[in-house]
DNA sequence: CTCGAGATGGCCT
DNA sequence: GGCCATCTCGAGT
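In the numbering used here, the protein residues as written are 14 to 216.
1. Is the distance from the Cβ of residue 112 to the Cβ of residue 136 below 8 Å?
2. Measuring CB to CB, does residue 139 end up less than 8 Å from residue 164?
3. Straight-line CA distance for residue 181 to residue 194?
4. Give the range of the alpha helix (DSSP H) segment to which residue 74 is assigned.
5. When DSSP labels each residue in this structure, what does residue 119 get in the three-state scheme?
6. Under the assumption that residue 105 contacts residue 77 (Cβ atoms under 8 Å), give the Cβ distance between them as a whole number of angstroms.
7. Give the range of the beta strand (DSSP E) segment to which residue 24 is assigned.
8. Whole angstroms is fine: what's the gap from residue 189's alpha carbon to residue 42's?
9. For my contact list, residue 130 and residue 144 are in at a C-beta cut-off of 8 Å; report their separation, rounded to the angstrom.
10. Note down the Cα distance separating residue 63 from residue 92, rounded to an integer number of angstroms.
11. Hey, could you find the ends of the beta strand (DSSP E) residue 17 is sitting in?
12. Label residue 215 either buried or exposed according to how many other C-beta atoms from any shown protein chain fall within 10 Å of its C-beta, with 16 as the threshold for buried.
13. Measure from the alpha carbon of residue 73 to the alpha carbon of each residue in 81, 56 and 89, then state which is nearest.
14. Can you give the Cα-Cα distance for residue 199 and residue 49, rounded to whole angstroms?
15. First and last residue of the beta strand (DSSP E) that includes residue 85?
16. When the Cα of residue 100 is compared with those of 121, 160, 75 and 134, which residue comes out closest?
17. Give me, in chain order, the residues of the same chain whose beta-carbon lies closer than 8 Å to that of residue 120; leave out the 5 immediate sequence neighbours on both sides.
18. Throw me the rounded Cβ distance for the residue 30 and residue 51 pair, which I believe falls under 8 Å.
19. Quick check on the DSSP output: what are the complete beta strand (DSSP E) runs of length 3 or more inside the region 178 to 210, in order along the chain?
20. Pull up the DSSP beta-bridge partners for residue 37, would you.
Here is the structure:
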């Protein structure tokens, strides 16, 4: 694929990367996933569900950079999540990688995801996917289309068919309605969970 | 399968 | 101080 495709907005790019291969050679170990579920996030001032909504900050700076790079962030005090930056530089849209099927490096992925009881769960969920691939904040900003990068994206000539478009998992507030979660017909697609409110427990 | 709750810490106002 | 683009486990239907 050309970088040109990634210059479009995230909601246009998202369905096209279903079925794409994400190749990780982090730590000298090769693991490849075929993407089965993604979500689109918009830029500053346009998508209340996006990290970029309130403008550029140290954490989300990569989103404002050129398309085709990885935006990797830390959340919930323990998890990493990975995105593909899309759109022209400055627009800050991105595609969150929510799930995939391990197609190479099964042994490595299993060793990294000891809590997964079945292979289907190895990269079923955004934080599980980053663990299976060995991704951390060190990968933030890498060029996914550079053949020398430790993390690369190879988009399928024919994307997987989109069988469902739903609201985004875990996104609440004003961004909750936007149907920007794109799902293929595959058992590795993660279970949908609505945003949960974290009110302080009574007691 | 569904639901609920704890873990755990950075980010942003 | 409040809010997370989540995961895991246990217990219930």
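Beta carbons are placed, not taken as given, at the ideal position from N, Cα and C, and that holds for glycine.
Once the coordinates are examined:
1. Within the first chain, the letter at position 99 stands for residue 112. Within the first chain, the letter at position 123 stands for residue 136. Yes. Within cutoff.
2. Here residue 139 is taken as the residue at index 126 of the first chain, counted from 1. Here residue 164 is taken as the residue at index 151 of the first chain, counted from 1. The answer is no: Cβ separation not under 8 Å.
3. Translated into the one-based positions of the first chain, residue 181 becomes position 168. Translated into the one-based positions of the first chain, residue 194 becomes position 181. Rounded to whole angstroms, the gap between the alpha carbons of residue 181 and residue 194 is 5 Å.
4. Translated into positions along the first chain, residue 74 becomes position 61. Segment: none, residue 74 is in no alpha helix (DSSP H) and carries neither H nor E.
5. For the purposes of this step, residue 119 is taken as the residue at position 106 of the first chain. If DSSP states are grouped into helix, strand and coil, residue 119 belongs with the helices.
6. Within the first chain, the letter at position 92 stands for residue 105. Within the first chain, the letter at position 64 stands for residue 77. That belief holds up - the Cβ atoms of residue 105 and residue 77 are roughly 5 Å apart, short of 8 Å.
7. On the first chain, position 11 is the one that residue 24 refers to. Note, residue 24: premise wrong, no beta strand (DSSP E); alpha helix (DSSP H) at 23 to 26.
8. If you number the first chain from 1, residue 189 lands on position 176. If you number the first chain from 1, residue 42 lands on position 29. Near 37 Å, if we compare the C-alpha coordinates of residue 42 and residue 189.
9. Within the first chain, residue 130 is the residue found at index 117, counting from 1. Within the first chain, residue 144 is the residue found at index 131, counting from 1. At roughly 15 Å, the Cβ-Cβ gap does not stay under 8 Å, so residue 130 and residue 144 are not in contact.
10. If you number the first chain from 1, residue 63 lands on position 50. If you number the first chain from 1, residue 92 lands on position 79. Computed Cα separation, rounded: 17 Å.
11. Taking the first residue of the first chain as 1, we reach residue 17 at position 4. Taken as a continuous stretch (DSSP letters only), residue 17 belongs to no beta strand (DSSP E), as it is neither H nor E.
12. The count along the first chain starts at 1 and reaches residue 215 at position 202. Bear in mind that a pLDDT of 33 at residue 215, under 50, signals an unreliable position, so the number given afterwards is only what the model happens to contain. In summary, residue 215 is exposed, with fewer than 16 beta-carbon neighbours lying within 10 Å of its beta-carbon over all protein chains present.
13. Numbered from its first residue, the first chain carries residue 73 at position 60. Ranked by Cα distance from residue 73, the first of 81, 56 and 89 is 56.
14. Taking the first chain and counting its residues from 1, the one referred to as residue 199 is at position 186. Taking the first chain and counting its residues from 1, the one referred to as residue 49 is at position 36. One alpha carbon belongs to residue 199, the other to residue 49, and they sit about 7 Å apart.
15. Taking the first chain and counting its residues from 1, the one referred to as residue 85 is at position 72. Looking at the DSSP string, the run of the beta strand (DSSP E) that includes residue 85 is 83 to 88.
16. On the first chain, residue 100 is found 87 positions in, with the first residue counted as 1. For residue 100, the nearest C-alpha among the options comes from 75.
17. Along the first chain, one-based indexing puts residue 120 at 107. The answer is none, since no qualifying residue turns up.
18. Here residue 30 refers to the residue found at position 17 when the first chain is read from its first residue. Here residue 51 refers to the residue found at position 38 when the first chain is read from its first residue. 6 Å between Cβ atoms; contact.
19. Correct list: 194 to 197.
20. Here residue 37 is taken as the residue at index 24 of the first chain, counted from 1. Residue 37 is bridged to 44 and 164.
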